[in-house]
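Numbering (our numbering), first residue to last: 25 to 443.
Below you can see the structure in the form of structure tokens.
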């Protein structure tokens, strides 16, 4: 039972396990993928330990904040990929799409009553910490949250790092060890698991799974859901297969120009992987592993003395180094902030010096002030800002470099920084 590192596992309650339960339950809510997934791997280990089947529940609520065709379709496409993958394995995959508010209430508790224990995904922000906390308090079996978010485990430090430089400096001292602690690329490969003979009839009747053929036609599912249909689907297809194709295209066609051209909005050399990382359709470990294999990299390439340097530490070319710095340093600095600062999404999370500066300039003249509605529709005086916002409206994404300008101007054109 020690294959998944302890630094990745967070027990959320102290309930006793139920060794004679019907199955081990994996509640898939953040790492929505069948590969390179510590949480799935942990659930498989428990299923083998108890000699019980594995049941995977992947739910999609219609009351999630900002639920829309854009977000739901992306997740549904991932669920379709998961259904195809798991149907060839000795596990039971249960994709539940909530048809109306409240219809999914009680589903997790019902399944947990028949389970040995429950394994889920650790994720530090949005609604997931609240969901995990509520489940831990109400379920009558153990609930474990497993961190499969990045190369560096979120709970491996209690230090809240104030800058990328400080985080990078600390990271470089320990990262080689964590690079070796990677999840199985296919955690079900070669595993002998018992199969679940049947699902409870009450489950099938009260919370019916979304059929695979409907998941493969997400538009037919979306049409019946009480979500925001005014936000159309984006241009990127969701799911692990699309994520892997995007990664392969980036490595073969764009990576070589990444360092030189990634800040040029007119040149399409960014990776396009952000939504797949966000919705758990691809793993940082997978991306990192593919890149390092492509470069024939080994730990012996690392610089002898880590000093928090942006370039040269990996012993790779500038483009590979620049991309890894974005993927690991900057992305995981965000996880560090969200995991350790409960106010990460509030004005109070800003450092004292930043708030001091902002408040010292509260009364500065602001020639342009816009409402939220004007911002949302790209109706400012600035054609570049409007173009960035309209790209967001149309495609569901902003170019990485323009996003910084976009954010700074919102601050400049709003009456008060707290607003």
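From the three backbone atoms N, C-alpha and C, an ideal C-beta is built for every residue, glycine too.
Cβ neighbours of residue i in the same chain (closer than 6 Å, five flanking residues each side left out)
i: residue 264; result: 57, 105 and 305
i: residue 136; result: 142, 163 and 165
i: residue 8; result: Since the first residue of the chain shown is 25 and the last is 443, residue 8 is not available in this structure.
Coarse secondary structure for residue i, derived from DSSP in three states
i: residue 34; result: strand
i: residue 47; result: strand
i: residue 55; result: coil
i: residue 247; result: coil
i: residue 435; result: helix
i: residue 190; result: helix
i: residue 324; result: helix
i: residue 414; result: helix
i: residue 134; result: helix
Bridge partners - residue i, DSSP secondary structure assignment
i: residue 83; result: 120
i: residue 198; result: Answer by DSSP bridge pairing: none, since residue 198 is not bridged.
i: residue 171; result: 146
i: residue 292; result: Beta-bridge pairing links residue 292 to no other residue.
i: residue 252; result: 92
i: residue 316; result: Answer is none; residue 316 lacks a bridge partner.
i: residue 78; result: 48
C-alpha distance - residue i paired with residue j, whole-angstrom precision
i: residue 41; j: residue 215; result: 22 Å
i: residue 113; j: residue 107; result: 10 Å
i: residue 246; j: residue 63; result: 28 Å
i: residue 280; j: residue 50; result: 39 Å
i: residue 348; j: residue 368; result: 24 Å
i: residue 100; j: residue 395; result: 33 Å
i: residue 276; j: residue 259; result: 21 Å
i: residue 309; j: residue 181; result: 19 Å
i: residue 340; j: residue 210; result: 28 Å
i: residue 48; j: residue 344; result: 40 Å
Delimiting residues of the alpha helix (DSSP H) encompassing residue i
i: residue 450; result: The question about residue 450 has no answer here: the residues shown for the chain are numbered 25 through 443.
i: residue 67; result: 62-74
i: residue 362; result: 355-364
i: residue 347; result: 342-348
i: residue 154; result: 152-162
i: residue 274; result: 264-277
Neighbourhood of residue i by C-beta, 8 Å cutoff - its chain only, sequence neighbours within 5 removed
i: residue 251; result: 86, 91, 92, 93 and 96
i: residue 226; result: 134
i: residue 28; result: 62, 65, 66, 69, 170 and 207
i: residue 153; result: 147
Chain-order list of residues whose beta-carbon lies under 7 Å from that of residue i (same chain, five-residue window excluded)
i: residue 25; result: Any reading at residue 25 is ruled out, since the residue's pLDDT is 45, under 50, leaving its predicted position unreliable.
i: residue 219; result: 77 and 114
Element boundaries [beta strand (DSSP E), containing residue i]
i: residue 139; result: 139-146
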